[in-house]
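Asks: Have a look at this one.
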Amino acid sequence: MYIFLFKVRRVLKSQEVYENFLRCIALFNQELVSGSELLQLVTPFLGKFPELFAQFKSFLGVKELSFTSPVTNDRSNEGIGREIDYASCKRIGSSYRALPKTYQQPKCSGRTAVCKEVLNDTWVSFPAWSEDSTFVSSKKTPYEEQLHRCEDERFELDVVLETNLATIRVLESVQKKLSRMSAEDQEKFRLDDCLGGTSEVIQRRAIYRIYGDKAPDIIESLKKNPVTAVPVVLKRLKAKEEEWREAQQGFNKTWREQYERAYLKSLDHQAVNFKQNDTKALRSKSLLNEIESVYDEHQEQQPEGRTATSSGPHLIYTYEDWQILEDAASLISYYVKRQPAIQKEDKDTIRQVLHQFIPELFFSSSSSSTCQSLFSSTADETPAETTTEPSVAEVPERRRKAANPGVTPEPTTPTRSPPEPPPKMTEEMYSLLFANNNWYFFFRLHHTLCSRLLRIYRQAQIQLLEYRTEKEREKLLCEGKKEKSNGPAMELRLKQPSEVELEEYYPAFLDMVRNLLVGNLDPTHYEDTLREMFTIHAYIGFTMDKLIQNITRQLHHLVSDEICLKVVELYLSEKKRGAAGGSLVTQCVRVSKETSYQWKAEHCMADENCFKMMFLQRQGQVVMTIELLDTEDVQTEDPTEVQHLSNYVEQFINVDEQNSQSEGFLLKPVLLQRNIRHFQRWQCRTMRMMKDEVKSSWKRLMGVESASNMDCRFRLNSHKMMFIVNSEDYMYRWGTLTRAKEFQSMVFQKHHEKFAAWHNSWLQENVSPRAAELVQDWLTGEEDEEMVPCKTVCEVSEVHGMTVTRYRVQYIRRASSP
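In terms of UniProt numbering, the sequence shown opens at residue 1 and continues consecutively.
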């Protein structure tokens, strides 16, 4: 045995593998595995060495292996099954995997031809357990758990009642049977373990539920003395039946209340985490990180060593309905008006921002003249009440008209007439605003509010359309003498009918938001009412009060911060110069003015981020684009120097405009008459020369296409001019490519002759005649060395007008492998 182990250790080479082999033998010595199992364990170690493996089998003994060989085969097959990686096999659906083609099917001697045709030998069940699932959708919300708990309780009570009722029926049949017997037969009558029924479990379970620990004695009495025990037990069971039926009615009322409270909440799966996630997403830090991450992505996409002055907008948002702007302004003004912490002057300024400044940016019907005095002086007195704010009842009235155009509402007395829709402009317009962080936060929150109001309004319109379609269907059913039916939730009393008419859903929603803002409505009741109205789409309105409060804080900061006020003042001043927007077609005309506007804004917001915000009017919608500008190299300088530099850049770019200083010399010229005559003669000669030069240059430029698209910008801190990437000048003469193709063969011939002359001179200096002959013989296949029998074919062809010789080798027979 020692010599055998020495040989095994030598062939296994690794000490760790040898120790594992010894552990297998130790398991056999401790009688933890059988001989066949030991043989299976050591097969990976000794399977490659037949002599050692045969010697090891002899040590185990043939008798021990003779009766265990079938077990070995079964275990080996089981091991093969465990080694299959079903996760990488071909799948069908989510629960079946195909066995690999290399899998050896076990033999079955009892199968017929039909079995072989219909039985499955390929697909294996591979279930995915719910405990292993990582999908969020498979996890229940607390409201779903509550509904499931109610269902479990109802099911358990139903099982108890049915079990008790089944036991009563069995014992009643036994009692009737006893009543037809004589006294002697009653004394001899005995019950079996089923107590007169067909199931032993049901009767035992019912008796155990009533008598508890005394149930074995009761069951024994029922078996031995049914005449006396059956009436007593039957009376107790009937009493419990009545008691439990009364309790079931009370439970049904409780369960119904729980269903009504949790049914709509269980359907709204998005509302569980919406509040928490929305609060984080609308924080100022999150909004700033979002655009900074987009800015970094754009910077990474720029080629190395190149910097682009403008990489395009980083964020794009769309205002699809202009009326939503009025609804949003109405809600914000309603909340601001009732905030005692905001001063009266700030409230008036906020009202002007909402109803004058914002509509002007979004091309609404507000006049620009009223906006010119905006933020002019905080010390000036403003009217106590302005007529630009819509009344509380005005917006719902306008939406009511839109929701039900066929009904004319009763006339009301609003504080002002409803706003006219913005005129449809044939050309696209845009407004340009350079803003700081606070204005960026405000516009992001403002767009979020408008988008959510629009979603609520559209959902109300969809539900109204579905309701009218359902009404038409019910009308057709009534004509066919069929009873109309409510929805399943109404029939099951899981959902109560709403107190608000469908036509009034959106106005009622706005009223509820107002009541929630001032504290007249409980948040829980507000959410429940929204769920009843908008079902699973109501979650976006749950944080409406938080959103409006956040917008109000931003507005208060806008009207009280000096930099924010300067942003608006700069916009209004640049708007007078035509640098803050206009027609999108003529935007290129305002490039210099907009560039000057940008430099002024960057110096005004030197300590903050500068955002380029554009509001584009397209097809009745307003698209807001936001771009974070790179202002790291801009340093604060003297405002006078900045203004002089701005004027210089405008004069440098606007080459067509006349200089105002040169125009002053034309008013009072100081010249002599003889100089004027000399100048006129010189001017005539010059004009003739220029005409001749123009004619000659015109002839030279016939068929020439050129473009001057080179752009540049100035660094404010160094006054250096830098060229913009991807802007260039070019000139191209038509027909040059055709002429080049005509002379191409001549050029190739000249280059070939030049190369051939150089090559021949090099051959004469560096290659002997014998070497040249050997190369020629090798090319033509006439070499003396042993070669595969082949035939060399020389093909002469022309390439670009020159003769070229190509050698092709055709093998007579395929070369044998070495």
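Beta carbons: idealized from backbone N, C-alpha and C, even for Gly. Everything numeric in this text was worked out from a predicted model, so none of it was measured.
Of all the alpha helix (DSSP H) runs that stay within the bounds of the stretch 177-214, which reach a length of 4 or more residues?
Replies: Taking 4 residues as the shortest admissible run, the stretch 177-214 contains the following complete alpha helix (DSSP H) segments, listed from N- to C-terminal end: 183-188, 200-211.
Asks: Can you find the residues in the same chain that come closer than 6 Å, C-beta to C-beta, to CYS89, ignoring five residues on each side of it along the sequence?
Replies: The residues ARG97, ALA98, in chain order, have a CB closer than 6 Å to that of CYS89 in the same chain once the five nearest residues on each side in sequence are set aside.
Asks: Kindly give me the distance between the Cβ atoms of GLY197 and GLN203, rounded to whole angstroms, as I take these residues to be in contact under 8 Å.
Replies: The pair is a contact, with the Cβ atoms about 6 Å apart (cut-off 8 Å).
Asks: Quick check on GLU162: buried or exposed, where buried means 16 or more other Cβ atoms within 10 Å of its Cβ?
Replies: Exposed is the label assigned to GLU162, since fewer than 16 other Cβ atoms lie within 10 Å of its Cβ.
Asks: Pick from PHE362, GLU798, GLU705: whose alpha carbon is nearest that of GLU326?
Replies: PHE362
Asks: From this set, LEU354, GLN248, THR543, which residue's C-alpha is nearest VAL159's C-alpha?
Replies: GLN248
Asks: State the Cα-Cα distance for the pair GLN301 and SER708, rounded to the nearest angstrom.
Replies: 27 Å
Asks: In whole angstroms, what separates the C-alpha of LEU145 from that of ILE456?
Replies: According to the sequence as given, residue 145 is Glu; it is not Leu. Their Cα atoms are separated by approximately 29 Å.
Asks: Using DSSP with H/G/I as helix, E/B as strand and the rest coil, what is PHE274?
Replies: helix
Asks: Taking the straight line between their C-alpha atoms, what separation do you get for HIS678 and THR686?
Replies: 12 Å
Asks: Looking at the secondary structure, which residues open and close the alpha helix (DSSP H) in which SER596 lies?
Replies: Element bounds for SER596: 591-604.
Asks: For GLU242, report the span of its alpha helix (DSSP H) as first-last.
Replies: 226-267
Asks: Is the beta carbon of GLN461 sitting closer than 9 Å to the one on HIS537?
Replies: no
Asks: Taking all protein chains shown into account, decide if LEU516 is buried (16 or more other Cβ within 10 angstroms of its Cβ) or exposed.
Replies: buried
Asks: May I ask which residues mark the beginning and end of the alpha helix (DSSP H) holding PHE743?
Replies: Counting along the chain, no alpha helix (DSSP H) covers PHE743, and no H or E run does either.
Asks: Looking at C-alpha atoms only, which residue of LEU502, ALA580, LEU453 is the closest neighbour of ARG467?
Replies: Checking the sequence shown, residue 467 turns out to be Tyr, not Arg. Measuring from the Cα of TYR467, the nearest candidate turns out to be LEU502.
Asks: Please list the terminal residues of the continuous alpha helix (DSSP H) segment that includes GLY35.
Replies: 35-46
Asks: Could you check if LEU359 is buried or exposed, using at least 16 other CB atoms within 10 Å of its CB as the buried criterion?
Replies: Before going on, a small fix: residue 359 reads as Pro here, not Leu. Buried.
Asks: Can you give the beta carbon distance from THR529 to MET512, rounded, assuming they're within the 8 Å contact cut?
Replies: In this structure THR529 is in contact with MET512, their Cβ atoms being roughly 7 Å apart against a cut-off of 8 Å.
Asks: Skipping 5 residues on each side, what residues in its chain have a beta carbon closer than 7 Å to that of LYS337?
Replies: For LYS337, where only same-chain residues beyond five positions count, the Cβ hits under 7 Å are LYS347.
Asks: To which residues does DSSP link MET613 through a beta bridge?
Replies: Its beta-bridge partners are LEU433, ILE626.
Asks: Using a Cβ-Cβ cut-off of 6 Å (strictly less than) and excluding sequence neighbours within five positions of ARG399, which residues of its own chain qualify?
Replies: Only weak support exists for where ARG399 lies, its pLDDT of 48 falling under 50; the coordinates are left without a value.
Asks: Buried or exposed: MET605, going by 16 or more other Cβ atoms within 10 Å of its Cβ?
Replies: buried
Asks: Give the straight-line distance between the Cα atoms of ARG553 and ASP711, rounded to the nearest whole angstrom.
Replies: 42 Å
Asks: Using a Cβ cut-off of 9 Å (strictly closer), state whether VAL796 contacts chain C.
Replies: Note that chain C does not occur in the displayed structure, where there is just one protein chain.
Asks: Could you give the C-beta distance for ARG531 and LEU264, rounded to a whole number, given that I count them as a contact under 8 Å?
Replies: 4 Å
Asks: Report the start-end ranges of each beta strand (DSSP E) in the stretch 762-809 that is 3 residues or longer and not cut off at the edges.
Replies: 790-799
Asks: Taking the alpha-carbon positions, what's the CYS194 to ALA239 distance?
Replies: Linking CYS194 to ALA239 through their CA atoms gives a straight-line distance of about 22 Å.
Asks: Taking C-beta to C-beta, are ALA281 and CYS450 nearer than 9 Å?
Replies: no
Asks: Suppose contacts are defined by Cβ-Cβ distances below 9 Å. Is VAL353 in contact with VAL591 by that definition?
Replies: no
Asks: Name, in chain order, the residues that DSSP records as bridge partners for THR318.
Replies: DSSP output for THR318 lists VAL623 as bridge partner(s).
Asks: Closest to TYR317 by C-alpha separation, out of TYR440, SER293, PRO226, would be which residue?
Replies: When TYR440, SER293, PRO226 are compared, the shortest CA-CA separation from TYR317 is found for TYR440.
Asks: For GLY781, tell me which candidate among CYS794, ARG770, LEU52 has the shortest Cα-Cα distance.
Replies: Checked all of CYS794, ARG770, LEU52; the closest Cα to GLY781 is CYS794.
Asks: Which same chain residues, not among the five before or five after ILE291, have their C-beta less than 7 Å away from its C-beta?
Replies: HIS314, LEU315, ILE626, LEU628
Asks: For the candidate residues SER94, GLY47, LEU521, GLU297, whose alpha-carbon lies nearest to that of VAL11?
Replies: When SER94, GLY47, LEU521, GLU297 are compared, the shortest CA-CA separation from VAL11 is found for GLY47.
Asks: Once you ignore the five residues that flank VAL230 on each side, which residues in its own chain have a CB closer than 6 Å to its CB?
Replies: LEU171, VAL174, GLN175
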